[in-house]
């Protein structure tokens, strides 16, 4: 989902606040990739360009802002250790989200420009599961879920 399309959709679904959406610059993304030694998928790069610094009401309560990304990698592994969980994240995993300290979402960097979204959550007996077939599917469903919640408030 391209930056412009994502921003339009967030506006249409009224997921804004009084603070404007705030995306990352290409330079910021490239620097992060250099520092971490990774190449991020195009679908995720478009998300970061649109709302990487601030995504309004989308993903409130979830650690996934650009400034948190480097720390999320270590936090995810620490969360698994704290839970004495035998699950180990793949070497190609890029953790993009930790929700409320019990749910880890990631994709594998070697699975293309729109990779499946994987999840591990505390208390799960299943280990790591495939949550969505692609990052774009995850993003579209998340927008839908957050817009439904807005109308229920």
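In this note's numbering, the protein residues as written are 1198 to 1350.
Idealized CB from N, CA, C, for every residue including glycine.
All figures in this text were calculated on a predicted structure; none of them were measured in a lab.
Cβ-based neighbour list, residue 1326, same chain, cut-off 6 Å, excluding 5 preceding and 5 following: The count along the chain shown starts at 1 and reaches residue 1326 at position 129. Same-chain partners within the cutoff: 1316.
Just checking my contact of residue 1296 with residue 1212 at CB under 8 Å: how many whole Å lie between their CB atoms? Position 99 of the chain shown, counted from the first residue, corresponds to residue 1296. Position 15 of the chain shown, counted from the first residue, corresponds to residue 1212. That pair is no contact at about 17 Å.
Report yes if the CB atom of residue 1306 is closer than 7 Å to the CB atom of residue 1291, and no otherwise. Taking the first residue of the chain shown as position 1, residue 1306 is located at position 109. Taking the first residue of the chain shown as position 1, residue 1291 is located at position 94. Contact flag set, yes.
Counting only the same chain and skipping the five closest in sequence on each side, list residues whose C-beta sits under 6 Å from that of residue 1309. The residue you call residue 1309 lines up with position 112 of the chain shown. For residue 1309, where only same-chain residues beyond five positions count, there are no Cβ hits under 6 Å.
How far does the alpha helix (DSSP H) with residue 1295 in it extend, from its first residue to its last? Taking the first residue of the chain shown as position 1, residue 1295 is located at position 98. For residue 1295, there is no enclosing alpha helix (DSSP H); the residue is part of the beta strand (DSSP E) that begins and ends at 1290-1296.
Which residues does DSSP list as the beta-bridge partners of residue 1259? Here residue 1259 corresponds to residue number 62 of the chain shown, with the count starting at 1. According to DSSP, residue 1259 bridges with 1296.
Option in 1334, 1322, 1253 with minimal Cα separation from residue 1209: Against the chain shown, residue 1209 aligns to sequence position 12. Of 1334, 1322, 1253, the residue nearest in Cα terms is 1253.
Taking residue 1199 as the reference, which of 1264, 1275, 1244 has the closest Cα? Locating residue 1199 in the chain shown gives position 2, counting from the first residue. That would be 1244, whose Cα lies nearest to the Cα of residue 1199.
Quickly, what does DSSP pair residue 1315 with across the bridge? List them, please. One-based indexing of the chain shown puts residue 1315 at position 118. Partner(s): 1303, 1327.
Reducing DSSP to helix, strand and coil, say where residue 1310 ends up. Within the chain shown, the letter at position 113 stands for residue 1310. In the structure shown, residue 1310 sits in coil (DSSP, three-state: anything other than H, G, I, E or B).
Helix, strand or coil for residue 1241, going by three-state DSSP, please let me know. Position 44 of the chain shown, counting from 1, holds the residue named residue 1241. If DSSP states are grouped into helix, strand and coil, residue 1241 belongs with the helices.
Could you spell out where the alpha helix (DSSP H) holding residue 1202 opens and where it closes? Position 5 of the chain shown, counting from 1, holds the residue named residue 1202. From DSSP, the alpha helix (DSSP H) with residue 1202 extends over 1200-1209.
Which term fits residue 1268, buried or exposed, when burial requires 16 or more other beta carbons within 10 angstroms of its beta carbon? Within the chain shown, the letter at position 71 stands for residue 1268. By the neighbour-count rule (16 or more Cβ atoms within 10 Å), residue 1268 is not buried but exposed.
Return the first residue and the last residue of the alpha helix (DSSP H) that residue 1212 is part of. Along the chain shown, read from residue 1 onward, the residue named residue 1212 stands at position 15. Unbroken run through residue 1212: none, as it is neither H nor E.
For residue 1202 and residue 1221, believed in contact at Cβ under 8 Å, the rounded distance: Translated into positions along the chain shown, residue 1221 becomes position 24. Translated into positions along the chain shown, residue 1202 becomes position 5. Your pair residue 1221 and residue 1202 does not check out as a contact, with CB atoms roughly 17 Å apart and the cut at 8 Å.
Go ahead and label residue 1299 buried or exposed: buried means 16 or more other beta carbons lie within 10 angstroms of its beta carbon, across all protein chains shown. Start at 1 with the first residue of the chain shown, and residue 1299 comes out as number 102. Exposed, because fewer than 16 other Cβ atoms sit within 10 Å of the Cβ of residue 1299.
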